[in-house]
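Undergrad: Read left to right, the sequence shown gives residues 4 to 360 (this note's numbering). Mind looking over this structure? Questions follow.
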Amino acid sequence: MCYCSYSPPWFLQDGTVQTVYTALWASRDWERTTQNPDPPYEEKIFVGAKGVPIFGWVAIPDNAHGTIVGTYGITGDLDNQWYLKLLGRKAYDQGYAVVLFDWRAHGKTALLSPTLTSDGLYEGEDFVRIAATAKAMGCPGKFWFMGYSLGGQLALWAVKAAVELLKEDADLGLEDSEIGGAAVICPSLDSRRSLSFLVKHPVGKYLEKSIARQLNKLAWQIHDAHPGTIEPEAIQRANSIWGFDDELVIGRLGFPTVEAYYDASSALPLLPHLSKPTLIIYAEDDPFFEPAIIPELQAACVSNSKIDLLLTRYGGHVGYISSQKCQRQAQDPDAWWAWNRILEWINQHTKSVNQPI
């Protein structure tokens, strides 16, 4: 479906401007936009796919009525990913248990293991195993997988992994009925086409360079924490997103080329096969992604009744800062339109499940 009621302030009606504004300005004063405090998180080390340790935070409110498991995009860590922490605050306030984690090769997870990223191929299972451990800690079903940007791709992989893993592992400790589904903001859907688009975009090419510098820094952190696991020369050559995957990732995963890796890990081909409720929020003016993907996204969502697509004219990349008029129309408590829609959508699914027959 198409949800067209989102509108930003007039000065954020350009996708690139909203993207840059969100990253550089909104990140500075986001705490002043919400009255919800940080949940009382407990640190936890989970065990993901192939035994990889995953660092995370867990907070469980009294009488929780579901659990959100989420992570962030291509770079960052739990301490600096304010957009994810905003979700945690809002979800906990609405009665959800919250599990946030540093995905592979990020944050404290990178200090625990030299295992590099796989863009969903293993992270999807990580989500599910984290949910199983969270259940043992007292987090209730249903479990909802969430992320934005590349983290959104990982969460979509989690929906696929959940169905497969529950069939294969009877000792996991989760029931199929306890998996709610996924809700994602501006997910990466086709890595090959979108990266090619990004590096040719007049502003995107600078965004790519900034991300590449963060990935390079991440690689050096792993090198320092786990001596001998990454060759310094390979890190020095990895001076782009493509170069990072070429030099450091694909060999360990057994892919002959970056193209093959991107084709295998991209989320767009997953959409027709998702069998749990899934919400995708996507902006037509997202400067990170190839616009030609949008008709394919629409077609995939139309053909799968489990997917709700909120396709908007504006929004940028993981921005969705709403105007005051938009906030009044949606009866939102703040300007964070996308997170508000996601929690509204999950609440609707929770109520439909709990209604007496």
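Even for Gly, the Cβ is constructed at its ideal location relative to N, Cα and C.
(1) So is Trp13 buried or exposed if we call it buried at 16+ other beta carbons inside 10 Å?
(2) What do you reckon, are the CB atoms on Val166 and Ile133 nearer than 8 Å?
(3) Glu45 to Ala137, Cα distance in whole Å?
(4) Secondary structure at Leu81, three-state DSSP: helix, strand or coil?
(5) Tell me which same chain residues have a C-beta within less than 8 Å of the C-beta of Ile362, skipping the five on either side of it?
(6) Of the choices Thr25, Gly54, Pro40, whose alpha-carbon is the least far from that of Ala62?
(7) Indicate whether Ile238 and Ala222 have their beta-carbon atoms separated by less than 8 Å.
(8) Should Ser28 go down as buried or exposed, given a rule of 16 or more other Cβ atoms within 10 Å for buried?
(9) So, using beta-carbon positions, are Lys271 and Ile310 closer together than 8 Å?
(10) Rounded to whole angstroms, how far is the Cβ of Gly207 from the Cβ of Gln21, which I believe are closer than 8 Å?
(11) So what does DSSP say about Phe49, is it helix, strand or coil?
(12) Mapping DSSP to helix, strand and coil, what is Val321?
(13) So what does Trp147 bridge to, in DSSP terms?
(14) Hey, how far is the Cα of Lys163 from the Cα of Asp32?
(15) Would you tell me roughly how many angstroms separate the C-alpha atoms of Ile345 and Leu282, rounded to the nearest one?
(16) What's the gap between the Cα of Gly231 and the Cα of Gln156?
(17) Can you give the Cα-Cα distance for Asp248 and Ala241, rounded to whole angstroms?
(18) What does DSSP give as the partner residue(s) for Trp339 in the beta ladder?
(19) Between which two residues does the beta strand (DSSP E) holding Val102 run?
(20) Indicate the three-state DSSP secondary structure (helix, strand or coil) for Pro56 in the structure shown.
(21) Is it the case that the Cβ atoms of Leu15 and Ile324 are separated by a distance below 8 Å?
(22) Which two residues bound the contiguous alpha helix (DSSP H) that contains Thr281?
(23) Strictly by DSSP, which residues pair up with Ile310?
(24) What separation, rounded to the nearest whole angstrom, lies between the Cα atoms of His226 and Leu218?
(25) Grouping DSSP H, G and I as helix and E and B as strand, with all else coil, what is Val61?
(26) Can you give the Cα-Cα distance for Gln301 and Glu347, rounded to whole angstroms?
(27) The alpha helix (DSSP H) spanning Thr37 covers which residue range?
TA: Taking the coordinates as given:
(1) Burial check for Trp13: the Cβ neighbour count within 10 Å stays below 16, so the residue is exposed.
(2) No.
(3) One alpha carbon belongs to Glu45, the other to Ala137, and they sit about 11 Å apart.
(4) Leu81: coil per DSSP, three-state reduction.
(5) The first residue shown for the chain is 4 and the last is 360, placing residue 362 beyond what the model contains.
(6) Out of Thr25, Gly54, Pro40, the CA that lies nearest to the CA of Ala62 is found in Pro40.
(7) With respect to the 8 Å criterion, Ile238 and Ala222 are classified as neighbours on the basis of their beta carbons.
(8) The amino acid occupying residue 28 in the given sequence is Trp; Ser does not appear at that position. Result: exposed.
(9) Note that residue 271 corresponds to Leu in the displayed sequence, not to Lys. The Cβ-Cβ distance between Leu271 and Ile310 does not fall below 8 Å.
(10) In fact, because the Cβ distance is near 14 Å, the residues do not count as touching under 8 Å.
(11) Under the three-state reduction of DSSP, Phe49 is assigned to strand.
(12) DSSP places Val321 in coil when its eight states are reduced to three.
(13) Ile71, Gly184, per the DSSP bridge assignment.
(14) Between Lys163 and Asp32, the C-alpha separation is close to 36 Å.
(15) Their Cα atoms are separated by approximately 7 Å.
(16) The alpha-carbon atoms of Gly231 and Gln156 are separated by roughly 30 Å.
(17) Ala241 has its alpha-carbon roughly 8 Å from the corresponding atom of Asp248.
(18) Ile324, per the DSSP bridge assignment.
(19) Unbroken beta strand (DSSP E) run through Val102: 100-104.
(20) If DSSP states are grouped into helix, strand and coil, Pro56 belongs with the strands.
(21) Judged by their CB atoms, Leu15 and Ile324 are nearer to each other than the 8 Å cut-off.
(22) For Thr281, there is no enclosing alpha helix (DSSP H); the enclosing beta strand (DSSP E) has its first and last residue at 281-286.
(23) BP columns for Ile310 point to Thr281.
(24) In this model, His226 and Leu218 are separated by some 12 Å (Cα to Cα).
(25) In this structure, Val61 counts as strand in the three-state DSSP scheme.
(26) Spanning the two alpha carbons is a distance of roughly 22 Å.
(27) Per DSSP, Thr37 lies in no alpha helix (DSSP H) segment and is marked neither H nor E.
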